[in-house]
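Data block below; observations after.
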Amino acid sequence: MNILKAVINQRLTLKTLFIFILFVIVSFQAYSQRGGFKWSNDGNSYYKIENKDIVQYTLPSNTPKVLISKEKLTPNGRQNPLEVSYFTFSNDEQKVLLFTNTKRVWRINTKGDYWVLDVKTGSLQQVGKTMPESSLMFAKMSPDGKKIAYVSENNIYVEDLSTSEVKALTVDGLTTLINGTFDWAYEEEFACRDGFRWSPDSKSIAYWQIDASDIKKFYMINNTDAIYSQPIPLEYPKVGEKPSLCKVGVVTIDDAKTTWMDIPGDLRENYLVRMEFIPSTKKLLIQQLNRKQNHSKLYIAEPNTGISKVIQEETDNAWVDIYQAGNKYTIDFTNDFIWLNGGKNILWTSEKDGWRHVYNVSLEGKKEQLITKGTYDFIDLIHIDIKKGNVYFMASPNNATQSYLYKTSLSGNGKLELLSPKTLEGTHGYNVSPTGTYAIHTFSNHFTRPSKEFISFATQKPLNTNESIEANLSNLQEVPKVEFFKVTTVDGVEMDGWMVKPTNFDATKKYPVVFYVYTEPAATTVTDSYGVGRNWNYNGSMADDGYIYISLDNRGTPAPKGRQWRKSIYRNIGKVNIQDQAMAAKEILKWNFVDPNRIAVWGHSGGGSATLNLMFKYPEIYKTGISLAAVGNQLTYDNIYQERYMGLPQENLEDFVNGSPITYAKNLVGNLLYIHGTGDDNVHYQNAEMLINELVKYNKQFQFMPYPNRTHGIREGEGTSEHLRTLFTNYLKTYCPPGAR
57 MNILKAVINQ RLTLKTLFIF ILFVIVSFQA YSQRGGFKWS NDGNSYYKIE NKDIVQYTLP
117 SNTPKVLISK EKLTPNGRQN PLEVSYFTFS NDEQKVLLFT NTKRVWRINT KGDYWVLDVK
177 TGSLQQVGKT MPESSLMFAK MSPDGKKIAY VSENNIYVED LSTSEVKALT VDGLTTLING
237 TFDWAYEEEF ACRDGFRWSP DSKSIAYWQI DASDIKKFYM INNTDAIYSQ PIPLEYPKVG
297 EKPSLCKVGV VTIDDAKTTW MDIPGDLREN YLVRMEFIPS TKKLLIQQLN RKQNHSKLYI
357 AEPNTGISKV IQEETDNAWV DIYQAGNKYT IDFTNDFIWL NGGKNILWTS EKDGWRHVYN
417 VSLEGKKEQL ITKGTYDFID LIHIDIKKGN VYFMASPNNA TQSYLYKTSL SGNGKLELLS
477 PKTLEGTHGY NVSPTGTYAI HTFSNHFTRP SKEFISFATQ KPLNTNESIE ANLSNLQEVP
537 KVEFFKVTTV DGVEMDGWMV KPTNFDATKK YPVVFYVYTE PAATTVTDSY GVGRNWNYNG
597 SMADDGYIYI SLDNRGTPAP KGRQWRKSIY RNIGKVNIQD QAMAAKEILK WNFVDPNRIA
657 VWGHSGGGSA TLNLMFKYPE IYKTGISLAA VGNQLTYDNI YQERYMGLPQ ENLEDFVNGS
717 PITYAKNLVG NLLYIHGTGD DNVHYQNAEM LINELVKYNK QFQFMPYPNR THGIREGEGT
777 SEHLRTLFTN YLKTYCPPGA R
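Here the sequence shown is numbered in my numbering, starting from 57 and rising by one per residue.
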């Protein structure tokens, strides 16, 4: 459970807080990508932080050895070892970079202090000692292991590890001129955090520069920490506002001179979302997205001159998805390219044939090759075996709520081969060693607790039969409480759902239903994984208290059901998703054991928005709603997310208006509890006040709970979580009474 708590704390994305809680429970892969786990370069062992030591485990025996003791991790003059949150090794594994004393920036802890330990000599030195405490970001050793670069206060520095000499590579960094990292919008919507890359020869650094000086400030107000209110400014580009200026430069270490890459197009009408040195050359590969995010271009840029040329383009009538491999809520997530053939090719994902598939894209102008073929979606890349010519990936052709390991040939001529055990139906995860020798295999489903085993990746067999998931399956399984089902609406839309029935359910009686919704493109809620069906805001057991608890995935959610399913929501957020949910609810209300007079709905963030829309547009169905951190007016949200899925309000304003809950607030009939944190930097508190004004205008009675200075997750502050659960539970029991009738 300590691992589980660590995963949850690390992976919470505030936009989809509760959705990802369910997902991360089963994903040891996410844990193994955190600072507490590293594979060795040769793939025959791994490293973990245990009891403040760094321990090496050698496979297949899984024999532990303390590689770096807590004594070696104790700086001179201190009594206690460093509290290491994250560590990486140099290429030769003779130096260890340690991240400590961390502080949160927006979503995760990306600021802190860095130390370097020499494995052979045991010497421990702090880097960036002249910088403010806990100000360093994304420190990385040069490929030759002689220098280290980092960002501090929006400037990039390089430090010689032998002399501790520090050189500023940029000097113009300000709050709104950001070198080597990103602004709020880029981080939140593109998962861009680490904004610089070492060149392979260690002689230069490529970096992003974000100029947010023209972005209007949104002010949050802190009314509780002093007798005078304190405004908190945030550069936040609302939908319809032009993005920050973004460009890529290459700075040489010797003279600290930057050459800017000449990427065609208006800097205020395009995004640069990926950038990396091409391994086989000294050139850069850069991905540009236009503002509507429906046209992607790949450029090769020459660092010495800045000259660039486009080598690949893709368009979509809705939006072009950016494939993000692995867990984007960890500090080491870099959104890099997936290289093949010494950097002459990349693996690329596209939905151009109606399904999300993997392509081999040449950087030399050769014809691209479709690798995964068929009427199914690629979900995530797991491993590439160049020698044998195979690619391993997650998919689930037959059940969109599950995930399995498959392989096929890199040539594009291979068959789709299932590798996950057929007896384990549910959600699998894999973290493969760099050489493909070993892997961590994880599994769970709605009635099987999360479990893991080390396996030989070639044979897919456990290294230790005593730790085999299949062998211990009976000990991991519980009596199923969640039922999965499908419902087809009057519009012919088939939706996946899960349901938890009341304890001691009696089909001859009628029960209240509580719907849990999210409904937007950021996440699904219906996954066959352990923990699904639990309401994290409810005190006690909803089943024991006599509720039917249900969730459904509508069109527009990112389920592996093909492009048409996912992108039907384009310019239709607040319409297609809401109609699907309501029409599915109508079918469920036909069930004999459902009490149509006791129907409740709740959700957080996008789910809070859906809750409001459902309450306002379908009052004949939903009698009680609890909405948390909702976007009440789509015109208040950030430009990257909202324009990606809705277009530009300058061109189709009516879609934003028609999809916003505030437009229909006058229709409120049922019982509404509305909850928002006043310090929400994601979905601003202004949404609450705008919606309240509209409800007051039409004399609509409701209950409202603002949480002072709480952010989007509404979890900071003493007693907050307990108060929220109590408020949620009491309101639901009062206005949607539990129990059979």
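Quick reminder that beta carbons are idealized off the backbone N, C-alpha and C, glycines included.
query: The beta strand (DSSP E) spanning Ala495 covers which residue range?; result: 494-501
query: Please state whether the Cβ-Cβ distance between His732 and Pro705 is less than 7 Å.; result: no
query: Helix, strand or coil for Phe246? Go by DSSP, reduced to three states.; result: helix
query: In the structure shown, what three-state DSSP assignment does Asn454 receive?; result: coil
query: State the Cα-Cα distance for the pair Val222 and Leu729, rounded to the nearest angstrom.; result: 55 Å
query: Within its chain, find whatever has a CB closer than 7 Å to the CB of Val632; leave out the 5 residues flanking it on each side and keep chain order.; result: Arg611, Gly612, Ser624, Ile625
query: State the start and end residues of the unbroken alpha helix (DSSP H) segment that holds Ala527.; result: Segment: none, Ala527 is in no alpha helix (DSSP H) and carries neither H nor E.
query: Apply the 10 Å Cβ neighbour rule to Leu359 and answer buried if 16 or more other Cβ atoms are within range, or exposed otherwise.; result: Looking at the sequence shown, residue 359 is not Leu but Pro. So Pro359 counts as buried.
query: Take the Cβ of Asp562 as the centre, count every other Cβ of all protein chains shown within 10 Å, and call the residue buried at 16 or more, exposed below.; result: exposed
query: Quick check on the DSSP output: the beta strand (DSSP E) that includes Val650 runs from which residue to which?; result: 650-660
query: Any idea if Tyr432 is buried or exposed, counting beta-carbon neighbours within 10 angstroms, 16 or more meaning buried?; result: buried
query: By the three-class DSSP mapping on this structure, what secondary structure does Arg160 have?; result: strand
query: State buried or exposed for Ala224, treating a residue as buried only when at least 16 other CB atoms are found within 10 Å of its CB.; result: exposed
query: Please specify which runs of the beta strand (DSSP E), each continuous and at least 3 residues long, are wholly inside the stretch 195-219, giving them in chain order.; result: 203-208, 211-216
query: Closest to Asp16 by CA distance: which of Leu751, Ser585, Gly618, Gly168 is it?; result: In the structure as shown, the chain begins at 57 and stops at 797. Residue 16 is therefore absent and cannot be evaluated.
query: Whose C-beta lies closer than 6 Å to the C-beta of Thr144 among residues of the same chain, with five residues either side of it excluded?; result: Leu153
query: If distances are taken between C-alpha atoms only, which option among Gly553, Lys202, Gly795 comes closest to Glu643?; result: Gly553
query: For Thr237, which residues from the same chain have a beta carbon less than 6 Å from its beta carbon, with the 5 sequence-adjacent residues on both sides left out?; result: Met193, Val207, Gly251
query: Using three-state DSSP, classify Asn391 as helix, strand or coil.; result: coil
query: Quick check on the burial criterion: 16 or more other C-beta atoms within 10 angstroms. Buried or exposed for Ile261?; result: buried
query: Name the DSSP bridge partner or partners of Lys353?; result: Gln344, Glu369
query: Taking 7 Å as the threshold (beta carbon to beta carbon), is Gln706 in contact with chain C?; result: The structure shown contains no chain C, having only a single protein chain.
query: Taking the DSSP output, what are the residues bridged to Ala224?; result: Tyr213
query: Under three-state DSSP, which class holds Asn487?; result: strand
query: Are there 16 or more other CB atoms within 10 angstroms of the CB of Lys422, so buried, or fewer, so exposed?; result: exposed
query: Measuring straight from C-alpha to C-alpha, what distance separates Gln89 and Thr386?; result: The predicted position of Gln89 is uncertain, since its pLDDT is 38 and thus under 50; a value taken from the coordinates is nonetheless stated next. The straight-line gap from Cα to Cα measures roughly 7 Å.
query: With a 10 Å radius around its C-beta and 16 neighbouring C-beta atoms as the bar for buried, classify Pro320 as buried or exposed.; result: exposed
query: According to DSSP, which residues form a beta bridge with Thr144?; result: Leu153
query: From this set, Thr734, Asn653, Ser716, which residue's C-alpha is nearest Arg797's C-alpha?; result: Asn653
query: Figure out for me which residue from Pro299, Lys185, Lys176, Val175 has the closest Cα to the Cα of Val168.; result: Sequence inspection shows Gly at residue 168; the Val mentioned does not correspond to that position. Selected option, being the one with the closest Cα: Lys185.
query: Quick check: what's the CA-CA separation for Val570 versus Thr776?; result: 23 Å
query: Which residues mark the beginning and the end of the alpha helix (DSSP H) in which Trp621 is found?; result: 619-623
query: Going by other Cβ atoms of all chains shown within 10 Å of its Cβ, with 16 needed for buried, is Pro490 buried or exposed?; result: exposed
query: May I have the straight-line CA-CA distance separating Ile288 from Leu123, to the nearest angstrom?; result: 45 Å
query: Pick out the complete beta strand (DSSP E) segments inside the stretch 669-720, 3 residues or longer, and give them in chain order.; result: 680-684
query: What does a CB cutoff of less than 6 Å around Gln425 pick up in its chain, not counting 5 residues either side in sequence?; result: Asn416, Gly468
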